[in-house]
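Visitor: Chains as they are written, first to last, in my numbering: chain A, 911 to 1600; chain B, 55 to 302.
1. Once you ignore the five residues that flank residue 268 of chain B on each side, which residues in its own chain have a CB closer than 7 Å to its CB?
2. Could you spell out the range, first to last residue, of the beta strand (DSSP E) harbouring residue 1603 of chain A?
3. Report the partner residues of residue 277 of chain B according to the DSSP bridge assignment.
4. Closer than 9 Å by beta-carbon distance: list the chain A residues that pair up with residue 173 of chain B, in chain order.
5. Relative to the C-alpha of residue 1369 of chain A, which candidate in A:1239, A:1201, A:936 has its C-alpha closest?
6. Just to confirm before moving on: does the CB-CB distance between residue 1307 of chain A and residue 1434 of chain A stay below 9 Å?
7. For residue 229 of chain B, report the span of its beta strand (DSSP E) as first-last.
8. On the DSSP bridge assignment, give the partners of residue 250 of chain B in chain order.
9. Taking 9 Å as the CB-CB cut-off, is residue 909 of chain A touching chain B?
10. Classify residue 990 of chain A as buried or exposed, calling it buried when 16 or more other Cβ atoms lie within 10 Å of its own Cβ.
11. Quick check on residue 149 of chain B: does DSSP put it in helix, strand or coil?
12. Using only CA atoms, which one of A:1346, A:1164, A:1360 lies nearest to residue 1295 of chain A?
13. Is the shortest distance between the beta-carbon of residue 1113 of chain A and the beta-carbons of chain B less than 9 Å?
14. Under the three-state reduction of DSSP, which class applies to residue 1373 of chain A: helix, strand or coil?
15. Under a CB-based cut-off of 9 Å, is residue 159 of chain B close to chain A?
16. Look up residue 179 of chain B in the DSSP assignment and say whether it is helix, strand or coil.
17. Below 6 Å CB to CB, which residues in the same chain sit around residue 138 of chain B once its five sequence neighbours on both sides are set aside?
18. In this structure, what does DSSP give as the bridge partners for residue 91 of chain B?
19. Establish whether the CB of residue 257 of chain B and some CB of chain A are separated by less than 9 Å.
20. In the DSSP assignment, the alpha helix (DSSP H) including residue 192 of chain B goes from what residue to what residue?
21. Would you kindly work out how many angstroms separate the C-alpha atoms of residue 96 of chain B and residue 1228 of chain A, rounded to a whole number?
22. Helix, strand or coil, according to DSSP, for residue 1366 of chain A in the structure here?
23. Output the distance between the C-alpha atoms of residue 213 of chain B and residue 1386 of chain A, rounded to the nearest integer angstrom.
24. For a cutoff of 9 Å on Cβ pairs, would you count residue 1435 of chain A as touching chain B?
25. Using a Cβ-Cβ cutoff of 9 Å, what residues of the segment 114–138 of chain B are near chain A? List them in chain order.
26. Identify which residue in A:1422, A:1421, A:1425, A:1397 has its Cα closest to the Cα of residue 1412 of chain A.
27. Kindly list, in the order they appear in chain B, the residues whose Cβ is closer than 8 Å to that of residue 1085 of chain A.
28. Suppose the cutoff is 7 Å on Cβ atoms and the five residues either side in sequence are ignored; what does the same chain contact list for residue 1554 of chain A look like?
29. What is the rounded straight-line gap between the Cα of residue 251 of chain B and the Cα of residue 257 of chain B?
30. Alpha carbon to alpha carbon, what distance is there between residue 1502 of chain A and residue 1512 of chain A?
31. Looking at the C-beta of residue 1088 of chain A, does it have a partner C-beta in chain B at a distance below 9 Å?
32. List, in order along the chain, the chain B residues whose C-beta lies closer than 9 Å to that of residue 1081 of chain A?
33. For the segment 1059–1076 of chain A, which residues have a beta carbon sitting closer than 7 Å to at least one beta carbon of chain B?
34. How big is the Cα-Cα spacing for residue 1168 of chain A and residue 1030 of chain A?
35. Mind pulling the chain D residues with CB within less than 7 Å of residue 153 of chain B?
36. On the DSSP bridge list, what partners appear for residue 105 of chain B?
See the structure below:
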């Protein structure tokens, strides 16, 4: 009985912390429409800042908390709102998710720069170990305070959001930002306030939980991620249901830790450990809840009006591009050192894994944060069955990953947008914590891998990767131009319109998920081949972040974008390695640049809100404009020469594009149209004030 | 464009009154495509001006320019003699420009009472808002704790119109008031428009079809393809309306 009370109290305390964190998440989501994946990371920063003030500098507890909650957290909130989120109007949900993931990634990388990972950090519970007796079990003051704070937060938020004009205004801004402005409200101030509030709640949760789990960057960040499960129970909008979710989660975790038996012999004999399942309880709950919540209805006004444009690739230019890629790789690879060759090989493998996102996310609009987990399965397959360079290993890598794809897709079929992103992240987390750490699968954290067909030379392997990238890339170009590609595009643009046309989106989603997982599995197998080892830490849940970020940064809907993303990742690690030791103005410049390159994927991701079409589109758009200007300058805007039959075959849209239909009307043209419509400008003007 | 054209060419019947809203040579574009090619329009103080025209003529864009929702690329918007180009819509709302946008100008996920509370941002007290709204529309009082999005279309539009009444604006901009509503409700709504006008509020109303508006308007303008093609008293314009819609 005592034990039960202890576990229950422990569960309620956990629930209280999750509830505080989750309510912060709900506040920012309901008032800005943006689901902040970086919420946990803000909590982590808050906890570290508290440590800095209280432990390092010896400030009193209350003062330290007040400074964190009233100064540091609001500053982070305002920074996030002003710099990151304000550019996010009129972009798709994918971009919104990616930008907050970029922020998460950046914050995870920033913390170790300020608080060196070599140091040891810990905070004590409030009032030390002082406790009161409750039904025979000891409850610490700290635990009582946590529960009390959660109750105060709940009451305060309810009063704010439903009882004050500010709170009503915050909710109104989500409903209809423009109308709120027309009412005279100041939406910018309101969203800034909600980000401040959200940050403060995240920081509060971080401080309260730090004494239990210690100050470790990734652990703290992902622990608050558990709060997502609670927030999802409230469908990201209801505070009451969020608290219920937090309670279920906290108690579930406490009882599981308390009562789950030791690993049964049957499992132990087979090198399997089911105790790790308890680590995954929040994630499993998240997955289950996502499946149970009623399916959001397709919106009738489902056309996404966004700034994002997806170019339709042409066979001719794709073939030219792939030819150039293979040619350049063949030529340059001779001049590279062995180690550099390896890094570029990894870059191409990342490129192939990012290719898996092109049909799924770029064309189909489905977000996945589990591609590296599929890649990990591919790596496992080649390590297990690809001995001696047996191609069967690669085939099985694709099949195994594709099979896992079905596993994720089946429940994910009902989900869209952030829910899908959350479900796939949950899957990635389970793969890392429960699957990849089983000794039956990976006896140590790394498993040796033989390269396909015994391609021992690094140069040969690099060229081979370029060829594989080109083949897969061409397949994706073909896919985009096929009926299936059009269906994917239509699904992204307007699911409602698809449904009215009689398209079966379920099958389409399933197909694209399987295809995407298969490609990721192939990429993972080749990646393991490049390294000659399948190392589990390459496929952890966090590794999914830079992959998605760089794919989107390059251009998520383009094969060239995936290549750019992969090569950028490689160039960052190359650049990090090649910085010489130097000091500038007494500062260690080497570590500064190393940190900068580590931050790069996050920083690039954050800027996406400004130009969501990606780097490749940005550059090619600039080039195109320069080219057009040059043509206009020379006065050669003649009608196009009739296309030959071959040109029509490979590039039927070329003729229409060249006619300048996408350029605006010039005054002469408007005058001509007016004349045709018998609208004389003088008459028009005279008519107005006649 | 001669900036004086707007003021010198105004109709003789209204030259003596001060224009509360005046557009001079306003041009606006979406991206690189120009949709308003120089709009000159005047709403004299205390009068109702109807802006009519077919789909895509640029009526809503014109209204959005007046409301501060769309920045013109050329020309100027004057409200009570002050140049208002680029002034934010929330600032305009606080100085007395009330815009009721196309569709239902309400927050569907807030209750009726919370919707009314949003009106207080324009600078009136909640007591005043509630007094005016509930007196004019008793049905809203019955439904004060209901989510606004769950009411009928007519009730929603009444809630939207309550803002025009309660915030005591100087200028009321109405977009497609009749959209999707039964004729009898449209008549009732225009009754309210007339009542607001009688209190001295200047009104610019955009409509596509409803002739009801002509009964209320002092002046009507017809827009076609981003230009105003005809202006005059409603009685004179009524005959020309159908040809305007046919593009002739």
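Using N, Cα and C, we set each Cβ at its ideal position, and we do this for glycine too. Note that the structure is a prediction, hence the values are computed from the model and not measured.
Guide: The answer reads as follows:
1. 104, 274, 288, 292
2. Beyond the ends of chain A as shown, which are 911 and 1600, falls residue 1603 of chain A; an answer cannot be given.
3. B:282
4. 1093, 1094
5. A:1239
6. yes
7. 225–229
8. According to DSSP, which records beta bridges pairwise, residue 250 of chain B is partnered with nothing at all.
9. Residue 909 of chain A cannot be examined here, being either before or after the span of chain A that is shown, 911 to 1600.
10. buried
11. coil
12. A:1360
13. no
14. helix
15. yes
16. coil
17. 131
18. B:81
19. no
20. 192–196
21. 56 Å
22. coil
23. 52 Å
24. no
25. 121, 122, 123
26. A:1397
27. 161, 162, 163, 164
28. Caution applies to residue 1554 of chain A, whose pLDDT of 40 falls short of 50 and renders its modelled position unreliable; the model cannot decide the point.
29. 7 Å
30. 16 Å
31. yes
32. 161, 163, 164, 168
33. 1075
34. 28 Å
35. As a matter of chain content, chain D is missing from the structure shown, whose protein chains are A and B.
36. B:260, B:275
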